[in-house]
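S.K.:
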Amino acid sequence: MNIIIFGPPGAGKGTQAKKLQQKYNLPHLSTGNIFRENIKNETPLGKKVKSILDSGDLVPDETVVDLVKDELSKAKYDNGVILDGFPRTVAQAKALDSFLEENDKKIDAFLTLSVPEEELVNRILSRGEGRSDDNPEKVKNRLSVYHNETAPVLNHYKEKDAVKEIDGVGSIDEIFDRIQKSLF
Ligand code: AMP
93 MNIIIFGPPG
103 AGKGTQAKKL
113 QQKYNLPHLS
123 TGNIFRENIK
133 NETPLGKKVK
143 SILDSGDLVP
153 DETVVDLVKD
163 ELSKAKYDNG
173 VILDGFPRTV
183 AQAKALDSFL
193 EENDKKIDAF
203 LTLSVPEEEL
213 VNRILSRGEG
223 RSDDNPEKVK
233 NRLSVYHNET
243 APVLNHYKEK
253 DAVKEIDGVG
263 SIDEIFDRIQ
273 KSLF
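Under my numbering, think of the first position of the sequence shown as 93, with each following residue one higher.
Take a look at the structure:
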């Protein structure tokens with residue numbers, strides 16, 4: 093099963109993706125985690141994207157798409173994937189659609205987590221993960237990038253019929269229950 097978990101920063105994508113990974117034994121592909129890992133290890137990719145992540149802007153589509161295609165070509169994704177943080181622009185979504193089509197695959201579910209903006213900001217500022225982009229100024233930029241560049245991805249998938257809107261307010265387990273009910 094190929095699942096996209098979608099929503100603004102702070103919506104709980106990573107948390108719910110990990111729960112899905114554990115329960116259904118599907119690999120979790122988080123582009124943000126891959127970038128942070130590369131930054132930590134000071135790889136060429138890490139050096140290229142560090143200032144972009146620090147500012148809360150988006151890494152160029154081509155870089156992200158190449159990375160995801162390489163990753164999804166690995167055997168561990170043969171039975172499916174939970175995509176978290178990708179696609180984040182309509183161009184990325186279109187590139188993903190073509191790639192999946194070429195490989196006889198499709199998106200089975202597009203889970204979109206809705207959380208009011210005020211709660212997003214509170215969650216991010218209190219989560220204490222030590223991320224360099226989790227401060228008030230950067231959060232403001234990340235939310236505006238989400239509204240301008242990422243939100244249109246939802247409409248792209250609405251046309252394709254795989255969208256499941258999940259109320260993202262409540263306990264982690266309550267939200268996970270809603271996700272499971274929407275999937276099966
Ligand atoms: P995340 O962990 O998903 O919040 O991502 C952290 C940061 O990584 C974002 O603010 C972007 O700078 C970058 N990033 C992650 N995924 C993407 C993507 N699909 N396209 C562009 N930039 C991304």
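Glycine residues also receive a C-beta, built at the ideal position from the N, C-alpha and C atoms.
#1: Where do the ends of the alpha helix (DSSP H) carrying Asn214 lie?
#2: Which residue or residues does DSSP assign as beta-bridge partners of Val173?
#3: On the premise that Phe202 lies in contact with Ala254, defined as a C-beta separation below 8 Å, what is that separation, rounded to the nearest angstrom?
#4: May I have the straight-line CA-CA distance separating Ile199 from Leu275, to the nearest angstrom?
#5: Can you name, in chain order, every residue of its own chain whose Cβ lies under 6 Å from the Cβ of Lys232, other than the five neighbours on each side?
#6: Check the DSSP bridge columns for Asp225 and list the partner residues they point to.
#7: Do Val237 and Asp149 have their C-beta atoms within less than 8 Å of each other?
#8: Thinking Gly104 and Gly260 are a contact (beta carbons under 8 Å), I'd like their distance in whole angstroms, please.
#9: State the DSSP-derived secondary structure class of Thr204, mapped to helix, strand or coil.
#10: Report buried or exposed for Pro100, applying the criterion of at least 16 other Cβ atoms within 10 angstroms of its Cβ.
#11: Is it the case that the Cβ atoms of Ser206 and Glu257 are separated by a distance below 8 Å?
#12: Can you tell me where the alpha helix (DSSP H) holding Asp146 begins and where it ends?
#13: Does DSSP put Ile199 in a helix, a strand or coil?
#14: Grab the span of the beta strand (DSSP E) containing His120 for me, first residue to last.
#15: What are the residues that DSSP puts in a beta bridge with Asp259?
M.R.: Walking through what the data contain:
#1: 209-218
#2: Asn94
#3: 5 Å
#4: 12 Å
#5: none
#6: The partner list for Asp225 (beta bridge, DSSP) is empty, contrary to what the question assumes.
#7: yes
#8: 6 Å
#9: strand
#10: buried
#11: yes
#12: 136-147
#13: coil
#14: 120-122
#15: Ser206
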